[in-house]
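Let me begin by presenting the structure, written as structure tokens, before commenting on it.
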Amino acid sequence: MTGEHTPPWVARRWLQTIPDRLHQCAKRWRLEIGERLGTGSTSRVFGCVDDEGRSLVLKLAPPEMRPDLEAAALTLWAGRGSVRLVDFAHDIGGLLLERLVPASHLPPGDDAVATDLVARPLMELHAVQLPASHPFPTQLEFVDVWLDRVRLGGESETAGVRLLDQAREAARRLCSEGSSAVLLHGDFIDKNLLFDGTRYVAVDPIPRTGDPCSDVGFYAAYHPPAGDIGRRARSLAGRCGLDRERAARWAAVWAVGEATETWRPDSRDLQMWIQSDEAASLLRTSLEPG
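In terms of the numbering used here, the sequence shown has 247 at position 42, counting the first letter as 1, and numbering is strictly consecutive.
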């Protein structure tokens, strides 16, 4: 496992501890651990079965990903728009989760259908009442964490890297405008939306508190095709009863982060979009004095 890829902001020595963490989880929860699920480069996810025969999922997350916050958010959501948390081992960084079946992703090729499918879980996530005392950081606090991570992993010749400082200021401006704060998923994107046989639910949150339009923007910036980012953000915001233009402005911010790398099949279109007049206008709007 030591040869596997991890993001530059995750300590590589964490990979060396995975076998021991798996052993501890198996012993604590009486699990038979099976195959690795997915190809994520940050956390490690495995199928497993407990001693009652339940099919579950074990997720091991490095400290940098704050698995304690993920567990706290999943506890609050309690399956409303999200996967259910079965148990959490803080000392191991292990989350024991329900297993979603068939765990399929959004259907490709129909943006309008996908928007309809994700609106419900997003509204359910945002409807959960935040307690007066909670551990979650604010969106404003997260912006600099996000900036550091995408800068470390970014490809220097991309338009996204060149626009990072502008995106950061745009995000700070949006955070300062005083919209209502909800518990955000924080990574509400295609790969984290899975079908459970009845509906789509969200997995792998990076929770924080802030503007609900931010989650809309995250989805719009990630979902293909890249040329429709602004329209997609406005459409999903409308379905959720949120401010369409704020959602589009957040989408422009997160699209800059997406465009710091070129792994996406639509990377060329994404690079073009964030350099377009539309994206420039959305980022400028975020910077204009109120």
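The beta-carbon is built from N, C-alpha and C at its ideal position, and this holds for glycine as well.
Nearest neighbour of L301 by Cα position, chosen from L327, D255, T343, A308, turns out to be D255. Under the three-state reduction of DSSP output, F393 falls in the coil class, being neither helix nor strand. Spatial neighbours of I238 in its own chain (CB-CB distance under 7 angstroms, excluding positions within 5 residues in sequence) are listed in chain order as L227, A231, F251, C253, L263. For A276, the enclosing alpha helix (DSSP H) covers residues 272-282. L263 carries a strand assignment under DSSP once its states are collapsed to helix, strand and coil.
DSSP places G443 inside the alpha helix (DSSP H), whose first and last residues are 434-445.
DSSP links G299 through a beta bridge to L265, A294. The alpha-carbon of D433 is positioned some 30 angstroms away from that of S248. Nearest to Q344 by alpha-carbon distance, out of P313, I411, G298, is I411. In summary, V461 is buried, with 16 or more beta-carbon neighbours lying within 10 Å of its beta-carbon over all protein chains present. The alpha-carbon separation between V348 and E257 amounts to approximately 43 angstroms. Sequence-distant partners of D448 (beyond 5 residues in either direction) whose C-beta falls short of 7 angstroms from its own C-beta, in its chain, are C418, A442. Annotated as distal: A485 and A456, with beta-carbon spacing of 9 angstroms or more.
Separation of R377 and T280 (C-alpha to C-alpha, rounded to the nearest whole angstrom) is 29 angstroms.
Contact check between the stretch 395-404 and the stretch 313-330: three or more CB pairs, one atom from each, fall below 8 angstroms, which counts as touching.
In terms of Cβ geometry, E450 and T490 form a close pair [threshold 9 angstroms].
DSSP, reduced to helix, strand and coil, places T363 outside both helices and strands of the structure shown, so it counts as coil. If the five residues before and after D353 are omitted, its C-beta is found closer than 8 angstroms to the C-beta atoms of W214, all from its own chain and listed in chain order.
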